[in-house]
Amino acid sequence: MKQSEIKQLSTAELQEKLSETKKSYADLKMAHAISPLENPIQLRHARRTVARVATELTKRDDQ
């Protein structure tokens, strides 16, 4: 998910997206621990999406 897409979401949508992406990342990590993922770059993308959404939420709280 790109930063421009994240900026267009409402705060409620961002909070929902954050919980979804955190769960998705945790599931990917668990699956990767059990047996290696076919595409381990998915972990990186999921982790960075979580960080982008969390950063946008923090920016909005500061304003």
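FYI, this note's numbering numbers position 61 of the sequence shown as 1520, with every residue one higher than the one before it.
From the three backbone atoms N, C-alpha and C, an ideal C-beta is built for every residue, glycine too.
Taking the Cβ atom as the reference point for each residue, do residue i and residue j lie within a distance shorter than 9 angstroms?
i: Leu1477; j: Ala1513; result: yes
i: Arg1503; j: Met1460; result: no
i: Ala1505; j: Ser1469; result: no
When DSSP labels each residue in this structure, what does residue i get in the three-state scheme?
i: Glu1497; result: coil
i: Met1489; result: helix
i: Gln1522; result: coil
i: Lys1476; result: helix
Only counting the same chain, and skipping five residues up and downstream in sequence, which positions put a Cβ closer than 6 angstroms to that of residue i?
i: Thr1508; result: Met1460 and Thr1480
In chain order, what residues of the same chain have a beta carbon less than 7 angstroms from the beta carbon of residue i, not counting five sequence neighbours either side?
i: Glu1517; result: The sequence shown places Thr at residue 1517, rather than the Glu named in the question. Correct list: empty, nothing qualifies.
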